[in-house]
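J.: For the sequence shown, our numbering assigns the number 294 to the last residue and increments by one with no breaks. In this text, a Cβ means the ideal position worked out from N, Cα and C, and glycines have one as well. Mind looking over this structure? Questions follow.
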Amino acid sequence: MHVFVTGGSGQTGPTVVAELLAAGHAVTGLARSDTAAARLKSLGANALRGSLEDLGSLRGGAEAADGVLHMAFGGDFADPDDLTRRDTAAIEALGQAAAGKPFVSTSGTLVLPGGRETTERDDPDAHGIAGFRIPGEQACLGFGGSVVRLAPTVHGPEDHGFIPMLIATARKSGVSAYVGDGANRWPAVHRRDAATLFRSALEEAPAGSVLHGVAENVPFESIAETIARRLGVPTASLTPEKAATHFPSPFMARVFGFDGPVSSTGTRQLLDWAPTRPGLLEDLETGDYFAAAA
Ligand SMILES: NC(=O)c1ccc[n+]([C@@H]2O[C@H](COP(=O)([O-])OP(=O)(O)OC[C@H]3O[C@@H](n4cnc5c(N)ncnc54)[C@H](OP(=O)(O)O)[C@@H]3O)[C@@H](O)[C@H]2O)c1
């Protein structure tokens, strides 16, 4: 299949592009800069110049392809309505142009309610941490596309997500912190396992599938303890009020204190997906997290 990919030049995208190419698919990736185009070409993909704001480039890429994988996401995180507008406009352009073709879009498990283990059948929470992604999910599903909700931590080499932020905060403050008793559960998936899920979703997912890219749910205290040991700093339990000033923003404190365990049993059964790569705590021990953050 010839797949049009957005976000192929980001953190997760290149691993997904490599997975698609290795499986024999051809890939054209959206590139908004020379750097992004060069990254895609170095992987063996073609680059199509354009951007999420240039809806014509999205339509052109989707029309010329046999399937579409949408991973790009961006905008002003201080303005959730802006994020929603950009995301839904891009998904609508892609979805219209990809009518009748496999179409997979990306979201995150932080759309789901917390406090209990949620499944692919649970409704997202409009008032939740990532409620701004729900209209995009609904738009994609409305076009007969499938949605992959990624764990908040997609870990692997050169991660620039939440875990490096935790490590940097622990280095700066001298404590590796968690909120309350740290029993809140944190979904995680290795980037290469996420890549096999995206490929399977494109190849096999029935129209309208909601898929969970989650390999495990890790108690947050275990993450904080591993970071503490690797850095040689103590752990600290913070109240939500103290966490709001300890972490880089009140929003991040809310994310790090969130108990959002997520099941991927339905996804594994539907697509025969089986994560095999190292878990988050093993990756913290053996990966590049502490070299990269130093
Ligand atoms: N990584 C995680 O832990 C995680 C967790 C949950 C959900 N997700 C979701 O998974 C997807 C991929 O995540 P990621 O970590 O790989 O993201 P990332 O590293 O931030 O990369 C974002 C990608 O989107 C592209 N992009 C952003 N704004 C664009 C625009 N206006 N026009 C064209 N391209 C644009 C970027 O292009 P450039 O290369 O030009 O910057 C890049 O390829 C995103 O939807 C993200 O929200 C990720």
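1) Nearest-angstrom Cα distance between residue 213 and residue 239?
2) Residue 283 and residue 160 - do their beta-carbons sit closer together than 8 Å?
3) If contact is defined by three or more beta carbon pairs under 8 Å, each pair taking one atom from either stretch, is the region 132 to 141 in contact with the region 190 to 206?
4) Could you round the C-beta distance between residue 321 and residue 178 to whole angstroms and report it? I think they count as a contact, below 8 Å.
5) Quick check: what's the CA-CA separation for residue 7 versus residue 74?
6) Which ranges would you report for the beta strand (DSSP E) in the region 195 to 262 if only whole runs of at least 3 residues count?
7) Could you check if residue 73 belongs to the surroundings of ligand 1, using beta carbon to heavy atom distance under 7 Å?
8) Determine the DSSP secondary structure at residue 105, reduced to helix, strand or coil.
9) Which residues in the same chain as residue 265 place their Cβ atom closer than 8 Å to its Cβ, once the five residues preceding and following it in sequence are excluded?
10) Should residue 10 be listed as close to ligand 1, given that the test is whether its C-beta is under 7 Å from any heavy atom?
11) When the Cα of residue 35 is compared with those of 66, 47, 5, which residue comes out closest?
12) Who are the Cβ neighbours of residue 14 in its own chain at under 7 Å, not counting the five residues just before and after it?
13) At what residues does the alpha helix (DSSP H) containing residue 26 begin and finish?
14) For residue 207 versus residue 144, is the C-beta spacing smaller than 8 Å?
15) Relative to ligand 1, is the shortest distance from any of its heavy atoms to the C-beta of residue 33 smaller than 7 Å?
16) So the candidates are 124, 226, 232; which of them puts its Cα closest to the Cα of residue 262?
17) CB-CB under 8 Å to residue 10, same chain, minus the five flanking residues each way: which ones, in chain order?
18) Residue 146 lies in the beta strand (DSSP E); which residues open and close that run?
19) Could you give the uninterrupted runs of the alpha helix (DSSP H) lying entirely in the region 33 to 109, keeping only those of 4 residues or more?
20) Leaving out five residues before and five after residue 210 in sequence, what residues of the same chain have Cβ atoms less than 6 Å from its Cβ?
21) From the DSSP output, in three-state form, read off residue 293 for me.
T.: So, from the data block:
1) For this step, residue 213 is matched to residue 213 along the sequence shown. For this step, residue 239 is matched to residue 239 along the sequence shown. Approximately 30 Å between the Cα atoms of the pair.
2) Counting from one through the sequence shown, the residue named residue 160 turns up at place 160. Counting from one through the sequence shown, the residue named residue 283 turns up at place 283. Cβ atoms of residue 160 and residue 283: not closer than 8 Å.
3) no
4) Nothing about residue 321 can be read from this structure; the chain reaches only from 1 to 294.
5) Start at 1 with the first residue of the sequence shown, and residue 7 comes out as number 7. Start at 1 with the first residue of the sequence shown, and residue 74 comes out as number 74. Rounded to whole angstroms, residue 7 to residue 74 spans 10 Å at the Cα level.
6) 210 to 213, 216 to 219, 235 to 238
7) Locating residue 73 in the sequence shown gives position 73, counting from the first residue. Flag set: Cβ of residue 73 near ligand 1.
8) On the sequence shown, residue 105 is found 105 positions in, with the first residue counted as 1. It is a strand residue.
9) In the sequence shown, the residue the question calls residue 265 occupies position 265. Cβ neighbours of residue 265 beyond the five flanking positions: 119.
10) Position 10 of the sequence shown, counted from the start, is the residue given in the question as residue 10. Yes; taking the cut-off as 7 Å, the Cβ of residue 10 has a heavy atom of ligand 1 nearer than that.
11) Counting from 1 along the sequence shown, the entry for residue 35 is found at position 35. Looking at the Cα atoms, 47 is the closest of the given residues.
12) The residue you call residue 14 lines up with position 14 of the sequence shown. Correct list, in chain order: 8, 39, 43.
13) Position 26 of the sequence shown holds residue 26. That residue, residue 26, is in no alpha helix (DSSP H); its beta strand (DSSP E) goes 26 to 31.
14) In the sequence shown, the residue the question calls residue 207 occupies position 207. In the sequence shown, the residue the question calls residue 144 occupies position 144. Yes, these two residues count as a Cβ contact at 8 Å.
15) For this step, residue 33 is matched to residue 33 along the sequence shown. Checking the Cβ of residue 33 against ligand 1 gives yes.
16) Here residue 262 corresponds to residue number 262 of the sequence shown, with the count starting at 1. It is 124 whose Cα lies nearest to the Cα of residue 262.
17) Within the sequence shown, the letter at position 10 stands for residue 10. Excluding residues within five positions, the ones whose Cβ falls inside 8 Å are 71, 72.
18) As a first step, residue 146 is located in the sequence shown; it is residue number 146 there, counting from the start. From DSSP, the beta strand (DSSP E) with residue 146 extends over 146 to 150.
19) 34 to 43, 55 to 64, 80 to 97
20) In the sequence shown, counting from the first residue as 1, residue 210 sits at position 210. Same-chain partners within the cutoff: 120, 147.
21) The residue labelled residue 293 in the question sits at position 293 within the sequence shown. Note that residue 293 has pLDDT 46, beneath the 50 cutoff, so the model's placement of it is unreliable and no number is given.
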